[in-house]
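To start, the structure under review is shown below, and the notes come after it.
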C-alpha cells in the first residue's frame with residue numbers, strides 16, 4: 018500500500034522485551050520483573066530478571082542474564098529472591114546430564130547478594146513455586162513418575178526419550194490438552210524448608226487432579242490452597258473444588274465444591290485466615306457466571322460466601338490489601354480490562370481509575386507499605402510495562418505511573434503510528450456493538466483498505482490491550498485500518514450479550530451482528546466490505562469459514578485454526594465434553610441438526626480468495642479442519658493457499674514463525690487484492706453423475722499428478 022519503509026514490522030515486534038510476572042520485595046523498595054527477550058540466534062525467547070527500584074532515582078538493572086529462562090520470581094521472608102531457571106545445575110556434566118532436556122529448578126538470589134544457587138534438583142524439573150511470606154517454607158509444583166523411585170526418574174525419562182517405547186495408553190477421555198497428550202507423569206505439590214531441604218510430597222496420590230491447577234501458599238507456610246480436578250461422571254468435565262493441604266503432611270480437606278462447581282485463582286489473605294477465589298457453576302443452559310467467593314481457612318466447610326453476585330464482571334483475583342480489607346481484581350468491562358477493588362466484608366466493587374481511562378492490567382501485586390499496587394499495564398498502542406498505582410488517591414483519581422520502560426517500545430511510539438477509537442455501533446434489532454477502530458495517523462490517499470479481526474473464544478473480547486500474536490500496529494504501520502468488533506459472545510458486556518452465543522447458534526446471532534456492522538462501517542466510516550480482509554483464529558476462524566459460505570461481499574478471507582466441519586471437530590478436539598455442554602447435543606444423536614451451522618455445508622457457495630493457516634500440533638482445533646477446508650476450496654476452484662507450521666499449536670509463538678506468518682499475510686493480500694475483484698463462478702471440476710463417473714478423464718477430478 019505504501020512505498021515507505023514501515024516504522025514497525027514483525028521483526029521489530031519479536032525483538033521487543035516482553036514484560037511478564039512481577040514480585041514486590043518484602044521491604045517495599047523494589048520489584049523483580051520478568052522480561053523475555055530473543056536469544057542470540059533470534060530463534061527462541063529466553064528470560065531475565067530485572068530489579069526495578071521504587072525508591073530514589075536509580076535506573077533498573079538486570080539481576081540475571083544468560084541463555085536461559087529465569088521466571089516466576091518469589092521473595093522469601095528474609096528478602097532472598099527465589100525463581101525458576103532452566104540453567105545448568107552445578108555438576109551436571111560430571112553426572113552425565115549434559116545431553117538431558119533442559120528442566121527448570123528453583124534458584125535463590127540471596128538478599129545479601131552473590132551468585133544464584135540452586136535450591137532444588139527435581140528429576141523432571143519444577144513448573145511453579147511459592148515462598149511463604151512469613152514462614153520458612155517453599156512449595157513447588159513438579160511432575161513426577163508415581164511408579165518410579167525418585168532417584169531413577171531422570172534416567173527413566175532419558176532412556177524412554179532415546180529408546181522408547183513411545184506407547185500412550187488411555188482408558189477414558191480426555192487424552193489431549195491444547196498442544197500435548199496427557200503424560201504418564203503426574204503434577205505433585207512438594208514442600209521444602211526455605212533452603213530447599215526436608216522434601217515432602219504433599220500429594221502422592223493426586224493422579225492428574227493438579228493438571229492445570231491454580232494455587233497459593235498461606236503466608237505462614239502452613240497450608241496450600243489448590244484447585245483440585247475431579248472428573249464429573251455426569252458430563253465428563255472436571256469440577257474443581259479447593260483442596261486445603263497442610264504442609265506438614267496432614268490429610269487435605271476440600272471446600273467450595275459441588276456438582277459443576279469450578280474454582281480458580283485462590284488467594285490467601287495477609288493473615289492467612291481467609292482466602293478468595295473466582296468461582297462458577299457449569300450449566301447446560303448458559304455460561305456459568307464467574308463471581309468472587311470468600312472462604313474461611315479454619316471452618317470445616319470453608320464457610321463459603323459469595324461476594325460479587327450482583328456484579329456483571331468476571332473477576333480475576335490477584336492481590337489483597339495489606340490490611341486484608343480489600344481484594345484487587347481485574348475484569349473485562351466494555352473493551353477495557355481495568356482494576357477493581359472489592360471490599361472483603363461486603364463485596365462492594367469500586368473501579369480504580371477514571372472510567373474514561375484507557376489500557377488493561379494484569380499481574381497485580383501489593384507493595385509492602387500499603388500505599389502502592391504494582392502491575393503490568395498495556396494498551397493497543399503501548400507494549401506491556403510495569404506500573405504503580407497510588408492507593409492513597411481517591412479511586413477515580415488513581416492513575417498508572419510507569420515504574421520502568423523495559424520493553425524497548427518507545428514512549429509515544431505507538432501513538433505516532435496509529436490512533437484508536439472506541440465506538441458503539443447500532444447494528445439492528447435495538448442492539449449496539451462495541452468495537453475498536455485502529456487507523457493510521459497519516460492514512461494513505463484513496464479508499465480505506467481495512468482488516469476485520471474476529472476474536473476467538475467465543476467467550477473472549479477485544480480490549481484496549483497489547484497482543485503479541487495479533488498486534489494491530491503491524492498492519493496499521495502498512496497503511497491499513499484494523500477493525501476489532503465485539504459481537505455476541507464477547508465478555509465484559511453483561512450475561513445476556515454473552516449468552517447470545519450459547520448453544521448451537523454460532524452461525525446465527527454472531528454472524529448477524531457482524532453483518533449489521535458492515536452497514537455501519539460502510540455508511541458512517543466509509544470502510545467498504547469490498548475493500549476489507551476478514552481474519553480470525555479459533556472461533557474467529559470458524560466465523561471466517563461461515564462468512565466464506567454465506568457472503569462474497571468481502572475482498573479476501575484469512576482463516577486460522579478455524580472449524581470447518583462441526584461433526585469432525587466434535588470427535589477430534591481435545592475436549593469433546595465441553596463441546597457437548599455448549600452445543601447441547603452430539604452428531605451421534607442428530608447429525609443434521611448438529612451441523613446446521615457447520616461451514617462445510619455451505620462451501621459450494623464460497624467465492625472469496627482465502628489464506629488458511631494452522632499449527633500442526635493444535636489439538637483444540639486439529640489441523641484436519643484446515644486440510645478439509647483447503648481440499649474443499651481447491652475442488653470448487655476458489656483461489657486458496659494453505660500455510661502449516663509443523664512445530665506450532667493453537668497459537669503461533671516462535672519468533673521466526675511469527676515473522677513468516679506476517680510476511681505471508683502481506684504477500685497474500687498483495688498478490689490477490691486485484692484478482693479478488695474477479696468472481697469465481699463454478700467448481701473447477703464438475704460433480705460425478707453417472708455409474709462410471711469415477712473413471713479418470715470424466716471431468717469429476719483431475720488425473721493423478723495433475
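In our numbering, the protein residues as written are 18 to 723.
For glycine and all other residues, C-beta sits at the position ideal for the given N, C-alpha and C.
The model shown is predicted, which means the values in this text are computed figures rather than measured ones.
Asked: Would you tell me roughly how many angstroms separate the C-alpha atoms of residue 643 and residue 88, rounded to the nearest one?; Found: 35 Å
Asked: Quick one: measure Cβ to Cβ for residue 489 and residue 545, integer angstroms, because I've assumed they're closer than 8 Å.; Found: Between residue 545 and residue 489 the Cβ distance is about 20 Å, and since that is not below 8 Å, they are no contact.
Asked: Residue ranges of each alpha helix (DSSP H) run of no fewer than 4 residues wholly in the stretch 494-527, ordered along the chain?; Found: 512-516
Asked: In the DSSP assignment, the alpha helix (DSSP H) including residue 584 goes from what residue to what residue?; Found: 583-589
Asked: Three-state secondary structure (DSSP) at residue 701?; Found: For residue 701, the pLDDT reaches just 49, beneath the cut-off of 50, and the residue's location in the model is therefore unreliable, leaving the point undetermined.
Asked: Can you give me the Cβ contacts of residue 701 inside the same chain, cut-off strictly under 6 Å, excluding the 5 residues immediately before and after it?; Found: Note that residue 701 scores 49 on pLDDT, short of 50, meaning its location in the model is unreliable and no value can be drawn from it.
Asked: Does DSSP put residue 634 in a helix, in a strand, or in coil?; Found: coil
Asked: If you scan the stretch 365-446 from start to end, which runs of the beta strand (DSSP E) of 3 or more residues do you find wholly inside it?; Found: 366-369, 377-384, 389-396, 399-407, 417-419, 435-445
Asked: The beta strand (DSSP E) that contains residue 39, what's its start and end?; Found: 35-41
Asked: Comparing alpha-carbon positions, which option in 358, 379, 378 lies nearest residue 369?; Found: 358
Asked: Between residue 46 and residue 101, what straight-line distance do the alpha-carbon atoms span, to the nearest angstrom?; Found: 22 Å
Asked: Taking C-alpha atoms, which residue in 274, 346, 658 lies nearest to residue 312?; Found: 274
Asked: If you draw a straight line from the C-alpha of residue 427 to the C-alpha of residue 494, how long is it?; Found: 15 Å
Asked: Would you please state the rounded distance, in angstroms, between the beta carbons of residue 79 and residue 67? I believe it to be under 8 Å.; Found: 6 Å
Asked: Check residue 246 in the structure and name its three-state DSSP category.; Found: coil
Asked: Would residue 152 and residue 94 qualify as a contact pair, given that the criterion is a beta-carbon distance under 9 Å?; Found: yes
Asked: Tell me whether the beta-carbon of residue 687 lies closer than 9 Å to the beta-carbon of residue 626.; Found: no
Asked: Report the partner residues of residue 449 according to the DSSP bridge assignment.; Found: 443
Asked: Below 8 Å on the Cβ atoms is my contact criterion, and I expect residue 658 with residue 629 to pass it. Report the Cβ-Cβ distance as a whole number of Å.; Found: 7 Å
Asked: Whole alpha helix (DSSP H) runs in the stretch 26-82 with 4 or more residues, listed along the chain?; Found: 27-31
Asked: Per DSSP, which one or two residues make a beta bridge with residue 552?; Found: 470, 575
Asked: Near residue 319, what residues of its chain come up, given a Cβ to Cβ distance below 8 Å and the 5 sequence neighbours on each side ignored?; Found: 259, 261, 272, 273, 312, 313
Asked: Nearest-angstrom Cα distance between residue 239 and residue 92?; Found: 17 Å
Asked: With a Cβ-Cβ cutoff of 9 Å, do residue 364 and residue 292 count as a contact?; Found: no
Asked: Between residue 650 and residue 623, how many whole angstroms is the CB-CB distance? I'm expecting something under 8 Å.; Found: 6 Å
Asked: What runs of the beta strand (DSSP E), each 3 residues or longer, lie entirely inside the stretch 299-360?; Found: 308-313, 333-337, 343-347, 356-360
Asked: Do you know whose CA, among 356, 333, 402, lies nearest residue 412's CA?; Found: 356
Asked: On the criterion of 16 or more Cβ atoms from any shown chain inside 10 Å, does residue 184 qualify as buried, or is it exposed?; Found: exposed
Asked: Could you check whether residue 577 and residue 25 sit closer than 9 Å to each other, using their CB atoms as the reference points?; Found: no
Asked: Counting Cβ pairs closer than 8 Å, one from the stretch 327-338 and one from the stretch 366-385, do we hit at least three?; Found: yes
Asked: Measuring only the C-alpha atoms, how far is residue 509 from residue 168?; Found: 50 Å
Asked: Would you kindly work out how many angstroms separate the C-alpha atoms of residue 595 and residue 251, rounded to a whole number?; Found: 12 Å
Asked: Smallest Cα separation from residue 459: which of 434, 440, 448?; Found: 434
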